[in-house]
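Colleague: First the structure, which I've put down as structure tokens, then a few questions once you've had a look.
Numbering (this note's numbering), first residue to last: 9 to 330.
Below is the structure:
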């Protein structure tokens with residue numbers, strides 16, 4: 009089974025990916041948070057930093073593009089190709105309200121005809137291989153058969169499916185019946201994405217869908233960064249956290265900005281620990297650098313580490329089919 013690290017905007021940037029690979033590994037591909045092309049087709053300083061030459065990192069990284077414009081996509085793909093990447097991932101699944109309002113991400117699922125025309129042009133003109141990350145539809149799972157019929161027309165390298173619709177965001181049960189439909193009715197290589205937080209979840213998906221050879225994990229890996237390499241060990245987590253925080257301070261030039269980024273990570277990482285509710289609340293509300301360092305140090309070195317993460321963001325188990 010191949011394991012992919014999902015792109016999480018504001019979290020799994022270059023610094024995080026580099027240090028996760030250094031301390032934990034176990035990932036076959038790291039997908040980058042999306043590149044959203046500007047109208048003037050110019051890479052910002054942040055874009056240039058977050059899209060390093062492919063051969064400059066010791067792991068496989070896949071750039072992701074978020075756009076509804078053919079010309080923007082082709083320009084972004086050309087930039088990726090110039091930096092040595094052979095594959096680009098198209099995001100038509102992001103459920104963010106601001107993204108969808110612009111007709112991007114899952115917003116593209118609202119207009120199947122536009123999506124079909126868009127895919128026809130990019131697959132005709134793009135020199136790179138294209139993988140696609142999608143949801144089942146915009147509002148209801150019964151939109152998926154038509155969407156899959158459209159996707160089946162094109163030589164997609166890999167189809168990554170999060171089996172929810174946009175309006176469900178990350179709540180409720182995933183629709184495993186619709187994912188099974190995709191396997192049965194698509195010629196593409198298919199990757200599962202959604203609500204994997206423990207080794208038991210990984211095993212469940214492998215047993216439920218033996219036809220697939222890859223899964224993508226996002227929040228579950230931030231919560232338990234050693235999930236795929238025998239578990240997260242205290243000493244390794246301590247070294248990882250220390251270097252990550254110090255690197256953010258240098259990169260942002262501000263302890264407060266670095267703390268803000270670390271708090272996003274801790275909103276998931278705290279679920280790795282038992283008796284963590286009060287500590288997590290203190291970390292979230294902390295505004296003082298020394299206090300933040302003390303609280304996170306105490307959490308990593310003193311709180312019991314759970315054998316399985318119990319994420320607060322899941323309402324129900326992955327095993328509950330809709």
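From the three backbone atoms N, C-alpha and C, an ideal C-beta is built for every residue, glycine too.
(1) Should residue 109 go down as buried or exposed, given a rule of 16 or more other Cβ atoms within 10 Å for buried?
(2) Suppose you measure from the CA of residue 125 to the CA of residue 208; what does that come to, to the nearest Å?
(3) Apart from the five residues just before and just after residue 104, which ones in its own chain have a Cβ nearer than 7 angstroms to its Cβ?
(4) What three-state label does DSSP hand residue 271 in the structure shown?
(5) For residue 171, I'd like the list of residues in its chain whose CB is within less than 7 angstroms of its CB, leaving aside the five on either flank, ordered along the chain.
(6) Tell me, please, which residues DSSP counts as bridged to residue 13.
(7) In the DSSP assignment, find the unbroken beta strand (DSSP E) run with residue 137 in it and report its ends.
(8) How long is the line joining the alpha carbons of residue 190 and residue 156, rounded to whole angstroms?
(9) Where are the alpha helix (DSSP H) runs, 4 residues long or more, that stay fully inside the region 42 to 84, in chain order?
(10) Roughly how far, in whole angstroms, is the beta-carbon of residue 228 from the beta-carbon of residue 16, given that I think they are within contact range, below 8 angstroms?
(11) What residue ranges within the region 188 to 269 form continuous beta strand (DSSP E) runs of no fewer than 3 residues, ordered along the chain?
(12) Where does residue 304 land, buried or exposed, given buried means 16+ other C-beta within 10 angstroms?
(13) With the cut-off set at 9 angstroms, would you say residue 99 and residue 141 are in Cβ contact?
(14) My understanding is that residue 20 touches residue 41, with C-beta atoms under 8 angstroms, so please give their C-beta distance in whole angstroms.
Modeller: Answer, in terms of the structure:
(1) exposed
(2) 40 angstroms
(3) 113
(4) helix
(5) 144, 182, 183, 184, 186, 187, 202
(6) 38, 225
(7) 137 to 143
(8) 7 angstroms
(9) 53 to 58
(10) Actually they do not touch by this definition, with Cβ atoms about 11 angstroms apart.
(11) 198 to 201, 222 to 225
(12) buried
(13) yes
(14) 6 angstroms
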